[in-house]
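Novice:
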């Protein structure tokens, strides 16, 4: 993150799942426009919240970027799969994703992983490519009658130099 960005990276804390659901919702609904409003609604019509959402996040490694006491982005990893990566629109382009991802990757390396995988949205593909992910294939998934394009990508984790 650049010096102007005042963010702290940390692990998710108990009781924070609903706030992360709001970050995800705002990133999808208000972020860059690669998807139509109908596609965005099919993807995430309302902020994720509640016990099922909290359990999903609790089962993963979750790194949060916090500014002024509130989450502004997060990335999750379940085993070798990078599941969720969202940054509030006003924090995009400031190095937040890069810092979050680096921490998630370091956790994967520490866990002995040799490869990471992700299904990246059209918006996230360039960011993952910049982190060394290679395209495996393009996909089109259906959700609530809408079709969303994404890419399956993977990265081989080499031993540190």
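Numbering (the numbering used here), first residue to last: 100 to 260. We put the CB at the ideal spot given by N, CA and C, even for glycine.
1. Report all residues from its chain with a CB closer than 8 Å to the CB of residue 198; omit the five preceding and five following residues, and keep chain order.
2. What separation, rounded to the nearest whole angstrom, lies between the Cα atoms of residue 243 and residue 137?
3. Do residue 253 and residue 286 have their beta-carbon atoms positioned less than 8 Å apart in this structure?
4. Helix, strand or coil: how does DSSP classify residue 134 here?
5. Residue 155 to residue 175, Cα distance in whole Å?
6. In terms of residues, what are the limits of the beta strand (DSSP E) holding residue 170?
7. Would you mind reading off the limits of the alpha helix (DSSP H) that contains residue 115?
8. Can you list, in chain order, the residues of its chain whose CB lies under 7 Å from that of residue 153, leaving out five sequence neighbours each side?
9. Going by DSSP in three states, residue 184 sits in which element: helix, strand or coil?
10. Taking the alpha-carbon of residue 127 as reference, which of 139, 120, 249, 135 has the nearest alpha-carbon?
11. Cα-Cα, which of 255, 210, 186, 230 is closest to residue 120?
Specialist: Looking at the atomic coordinates:
1. 100, 106, 108, 164
2. 10 Å
3. Coverage of the chain is limited to positions 100 through 260, which leaves residue 286 absent and any answer about it impossible.
4. coil
5. 10 Å
6. 169-177
7. Premise fails: residue 115 is in no alpha helix (DSSP H) and is neither H nor E.
8. 116
9. strand
10. 139
11. 186
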